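One structure is given here, and the rest of the page talks about it.
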Amino acid sequence: MTTLIRADRLIDGTGSAVVENAVLVIEEGKVVGVYPSQAPDSVVSPDAEILDFPGCTIMPGMIDTHVHLNMPGDGTLLETVVREPEGVLVATSAFTAQRALAAGITTVRDLGASGTTVINLQRALELGHGVGPRILSCGQPITITGGHTWYFGGEADGIDGLRLKVRQMAKIGANFIKVMGSGGGTVNTLSWRPAYNREEMRALADEAHALDRKIAVHCLCADSIDYAIDAGVDQIEHAGFITDSKGNQKYVPEVAEKLGKSGIPVTSTLAVGGSVVEIMTAKKDRTPTEDAFLERWIRMLDDNLSQFRKLRDAGVSFVAGTDAGWRFTPFEGLPLELELMHRGGMTTMEAIVSGTGFAAKVIGIDDKVGTLTKGLAADVIVVGGNPLDNLGALRDLKLVIQGGKVRSRAQ
Ligand SMILES: [Zn+2]
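Numbering (my numbering), first residue to last: 5 to 415.
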């Protein structure tokens, strides 16, 4: 069965020039080719299905490299979420995963969940029992005793304890390893202090690499970034420069330069602040407490955007990831993330690549998805208008195809 999708233009996710009046040919769940104007007869069978989308743009399915499927993303705190039994968290994860797919996000990477909940969901979807995005999972995020998100079950300490925990995550089926390199938004954790020391971080990275897993590290303070760079990790989440319990940040140019030189990509997660600001700004009759909350988040988002600019100037490359599920961050939030990355100085094309081809490369699946390249899985979306003119077009989905199967189509 051959499917042809025709639209005004196609963005292939590699950063290459747009193909005008494009035809995308799909066969047996894979991309056959991209052609301007007309596909050659040799690749099109006479009974091919033709899907026409005038005025629209064809793109690869989007990839969110940082989500938490256990959490609903409606403001529910982590401390509340983890009171539910694991069965509820699996069901919640199936629901949030479907929301992502319906928004054109055909792959998500889960950066921390309770027990084996997301690994179990991932397995069920691989068996074909349900519909959802492709999932990559770390299992439980590894954290110091009492550290950020410890409720998920990932506590481990000391060199031997950390190596054991990495092996346990690999044993239960984790695709990669996630480590909490500093505290975070969990009660009583210190986001302005590194959690593991240099030697511990090195042991974590070595063990992950020995088991052929990538390692991503949550870092909200400068020292944690520094330790993660020295350990040779594969990805840094957030890259914050928090200095105190109030969340004040102080950019450290030397660490930024070192990070830029290391080539380690950083996950942006700007949508965390962006979604709070969007939702609270729209709320009518805010209480004085809510006003103060909004003011604090506007300041934090501004801080994060200014650091995003400075880090890019220092040579750091950013990959798109929203932290969906955390606080008010929605599972449909990748377009918002890309809009914020654009506001932080990326071109619209750079933002799109960071959420498609570059995202796939960073998480190690660019031989399967991420670009509309011959032989890759046909994870494809069609959006109204031209996202290169206005990234808001990514919110106007006309078609979602995953592995060649139509998952949703606008009437
Ligand atoms: Zn996160």
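Each residue gets a CB set at the ideal place from its N, CA and C atoms; glycine is no exception. The model shown is predicted, which means the values in this text are computed figures rather than measured ones.
- Going down the chain, each residue whose beta-carbon is closer than 5 Å to a heavy atom of ligand 1 shows up: Leu115 and Asp327.
- The beta-carbon distance between Ala11 and Ala26, rounded to whole angstroms, is 6 Å. This is short enough to meet the 8 Å contact definition.
- Distance from the CA of Lys372 to the CA of Lys218, rounded to the nearest whole angstrom, comes to 17 Å.
- Annotated three-state conformation of Arg113 is strand, per DSSP.
- Just so you know, the alpha carbons of Ala209 and Leu115 end up roughly 16 Å apart.
- Spatial neighbours of Pro145 in its own chain (CB-CB distance under 8 Å, excluding positions within 5 residues in sequence) are listed in chain order as Leu115, Gly116, His152, Thr153, Phe156, Gly158, Lys182, Val183, Met184 and His222.
- Met205: member of the alpha helix (DSSP H) spanning Arg202 to Ala214, first to last residue.
- Take Val122, set aside five residues on each side of it, and the residues of its chain with a beta-carbon closer than 6 Å to its own are Leu73, Ser97, Asp114 and Ser141, in chain order.
- Selection Ala275, Arg103, Phe332 and Val48 evaluated against Val323 yields Ala275 as nearest (Cα-Cα).
- A direct Cα-Cα distance of roughly 24 Å separates Ile9 from Glu336.
- The beta carbon of Arg13 sits closer than 7 Å to those of Val22, Val23, Glu24, Ala26, Thr61 and Asn390, all from its chain and outside the five residues before and after it, given in chain order.
- Listed in chain order, the non-local C-beta contacts of Val94 below 7 Å within the same chain comprise Thr121, Asn124 and Leu125, local neighbours out to five positions each way being set aside.
- For Ala286, the three-state secondary structure derived from DSSP is helix.
- Counting along the chain, no alpha helix (DSSP H) covers Phe57; the unbroken beta strand (DSSP E) around it starts and ends at Glu53 to Pro64.
- Per DSSP, Gln311 is not a residue of any beta strand (DSSP E); the alpha helix (DSSP H) it occupies stretches across Pro292 to Asp317.
- Between Leu305 and Val320, the gap from beta carbon to beta carbon reaches 7 Å or more.
- Cβ neighbours of Thr18 within its own chain (closer than 6 Å, five residues either side excluded): Gly361 and Thr375.
- Residue pairing from DSSP places Lys409 in a beta bridge opposite Gln406.
- One alpha carbon belongs to Gly136, the other to Glu258, and they sit about 42 Å apart.
- Annotated as proximal: Gly359 and Met66, with beta-carbon spacing under 7 Å.
- For Met184, the enclosing beta strand (DSSP E) covers residues Phe180 to Met184.
- For Ser141, the enclosing beta strand (DSSP E) stretches over residues Arg138 to Ser141.
- Rounded to the nearest angstrom, the gap between the Cα atoms of Pro40 and Leu28 is 9 Å.
- Residue range Ala226 to Ala235 is occupied by the alpha helix (DSSP H) that includes Ile229.
- Non-local beta-carbon contacts of Asp400 in its own chain, meaning distances under 6 Å to residues more than five positions away in sequence, involve Val387 and Gly388 in chain order.
- Here Gln253 is bridged, per DSSP, to Ile246.
- Looking only at Lys378, Asn394 and Lys175, the smallest Cα-Cα distance to Thr352 is reached by Asn394.
- By the criterion of a C-beta distance shorter than 8 Å, Lys409 is surrounded in its chain by Gly33, once the five residues flanking it on both sides are discounted.
- Nearest to Ala207 by C-alpha distance, out of Asp161, Leu263, Arg411 and Pro50, is Asp161.
- Excluding sequence positions up to five before and after Asn308, its CB lies within less than 7 Å of the CB of Leu274 and Gly277, all in the same chain and listed in chain order.
- Bounds of the beta strand (DSSP E) holding Glu24 are Val23 to Glu31.
- DSSP, read as helix, strand or coil, puts Lys378 in coil.
- For Val221, no alpha helix (DSSP H) encloses it; the enclosing beta strand (DSSP E) starts and ends at Lys218 to His222.
- Taking all protein chains in view, the Cβ of Gln42 is surrounded by fewer than 16 other Cβ atoms within 10 Å, so the residue is classified as exposed.
- Across the structure, Thr149 and Lys265 are spaced so that their CA atoms are roughly 32 Å apart.
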